[in-house]
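First up is the structure itself, then whatever we jot down about it.
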Ligand SMILES: Cc1cc2nc3c(=O)[nH]c(=O)nc-3n(C[C@H](O)[C@H](O)[C@H](O)COP(=O)(O)OP(=O)(O)OC[C@H]3O[C@@H](n4cnc5c(N)ncnc54)[C@H](O)[C@@H]3O)c2cc1C
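Residue numbers (my numbering): 30 to 414.
The structure is reproduced here in structure tokens:
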């Protein structure tokens, strides 16, 4: 299919594919096994200017948009869904800063993110606030010259490895979520520590940790935008970042499809390659069609975000929901057509199936996002009545 990518977009995609195939492929199984954070790969991605892709040009970036980010994430995920997340979450960690931060904050942090010198993370989820994200309890009490944070964030990607954290905390707990604000906390701040590193089903090379704040002071200049707008900023951030999860899912599904085609071409049963069997062809045909449909929706959603459209909640959620369901289905089918080999760790397909699962859960579970899509449908209908 032709997606009419610009020459620059093709170059970015090609570069990401090269890093994925030359650097990620040889180590993906080992990193999955050891659960080690892929610092060497982060360095390779930095050297290839991949972190610059989502940073505006004024701050030493390439000024790419959602589509450029999706192209990189898709290519990395095609080889390893975990490495892709370690990279992509940096965009999540600094989009709030890019959209709402002061000029001083942007100059202070973004060039270091662009060069890959410092990684970032985004912290909203808490033990009491998963799908019910508005139920956060972490507080940031206003004191002379800054804020004092207390509370625990849970399941934070790049936790412990990143140096710059965008944390959503209540600066006015009496106002509930309307009193939430976005605050930058740097690794090393007194009173800021990390809890246990989670052991996971998939994306095992990513670090998922608790962030613990105990009387952690941050200076006033670390507040992003206006106090009280933190939750709105977080929701806007997800509208912009969900196509990226769609791209992660899409890449994983593409990788599984290619692996399944390779295997079924060379596996001989009943005197012929498996791929000659009509039932296998049916499955592969469906897989390929679903992957292409996911790509079309993810790219369309990314382009809608980049167009500056006012409300992208619906299309962004659709791309994430559809592509992640496709990834789960396609990776499961890939294991099936490869039989016992697909189930074994000697082949990459079982890892792809494990990695695919998270795409249906994070940045809004697919159930919650289907609700969000339905709410948008209802609002649109109401507007026309
Ligand atoms: C590996 C990993 C990395 C993550 N990284 C980050 C990160 O970097 N930053 C961050 O802030 N968070 C992160 N998260 C948190 C993630 O966004 C949440 O896990 C997710 O939003 C779901 O919340 P929960 O796990 O508490 O599930 P719950 O909210 O407990 O939901 C459990 C189940 O109930 C369903 N459910 C809940 N409410 C509803 C409803 N109203 N309608 C229908 N179904 C419902 C859900 O769909 C789900 O199937 C990460 C999570 C994981 C697992």
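By construction, the Cβ of each residue, glycine as well, lies at the ideal position given by its N, Cα and C atoms.
heavy atom of ligand 1 below 7 Å from residue 64 C-beta
Along the chain shown, one-based indexing puts residue 64 at 35. No.
May I ask you to check if the CB of residue 180 is nearer than 7 Å to at least one heavy atom of ligand 1?
For the purposes of this step, residue 180 is taken as residue 151 along the chain shown, with counting starting at 1. It does not: the Cβ of residue 180 is nowhere closer than 7 Å to a heavy atom of ligand 1.
Compare the Cα-Cα distances from residue 314 to each of 102, 358 and 44 and report the closest residue.
Sequence index remark: in the chain shown, residue 314 carries index 285 (1-based). Residue 314 has its Cα closest to that of 358, out of 102, 358 and 44.
Member of 84, 379 and 234 whose CA lies at the smallest distance from the CA of residue 187
Indexing the chain shown from 1 puts residue 187 at position 158. Cα-wise, what sits closest to residue 187 is 234.
DSSP three-state label for residue 225, please.
Residue mapping note: residue 225 aligns to position 196 of the chain shown, counting from 1. The three-state reading of DSSP puts residue 225 in strand, counting E and B together.
Backbone CA spacing between residue 309 and residue 343 [nearest angstrom]
Reading the chain shown from its first residue, position 280 is the one you call residue 309. Reading the chain shown from its first residue, position 314 is the one you call residue 343. So the alpha carbons of these two residues sit roughly 35 Å apart.
Is residue 334 near residue 341, with beta carbons less than 8 Å apart?
One-based indexing of the chain shown puts residue 334 at position 305. One-based indexing of the chain shown puts residue 341 at position 312. Yes, these two residues count as a Cβ contact at 8 Å.
Is any non-hydrogen atom of ligand 1 found closer than 7 Å to the C-beta of residue 400, if you look at the structure I gave you?
As a working mapping, residue 400 is identified with position 371 in the chain shown. Indeed, a heavy atom of ligand 1 lies less than 7 Å from the Cβ.
Assigned secondary structure, residue 383 (DSSP; H/G/I helix, E/B strand, else coil):
As a working note, residue 383 is residue 354 in the chain shown. It is helical.
Would you be able to state if there are at least three C-beta pairs under 8 Å between the region 55 to 62 and the region 98 to 118?
yes
For a test of the three-state rule: what should DSSP assign to residue 70, helix, strand or coil?
Against the chain shown, residue 70 aligns to sequence position 41. Three-state DSSP puts residue 70 in a helix.
Can you find at least 3 beta carbon pairs, one from the region 356 to 376 and one from the region 286 to 300, that sit closer than 8 Å?
yes
If you reduce the DSSP assignment to three classes, tell me which class residue 121 lands in.
Counting from one through the chain shown, the residue named residue 121 turns up at place 92. Note: residue 121 maps to helix in three-state DSSP.
Which word fits residue 386, buried or exposed, when buried means at least 16 other C-beta atoms lie within 10 angstroms of its C-beta?
Locating residue 386 in the chain shown gives position 357, counting from the first residue. Looking at its Cβ environment, which holds 16 or more other Cβ atoms inside 10 Å, residue 386 is buried.
Does the distance from the CB of residue 257 to the CB of residue 324 come in under 8 Å?
Within the chain shown, the letter at position 228 stands for residue 257. Within the chain shown, the letter at position 295 stands for residue 324. For residue 257 and residue 324, no; Cβs fall outside 8 Å.
Unbroken alpha helix (DSSP H) run spanning residue 210, endpoints
As a working note, residue 210 is residue 181 in the chain shown. Counting along the chain, residue 210 falls outside any alpha helix (DSSP H), though it belongs to the beta strand (DSSP E) covering 209 to 215.
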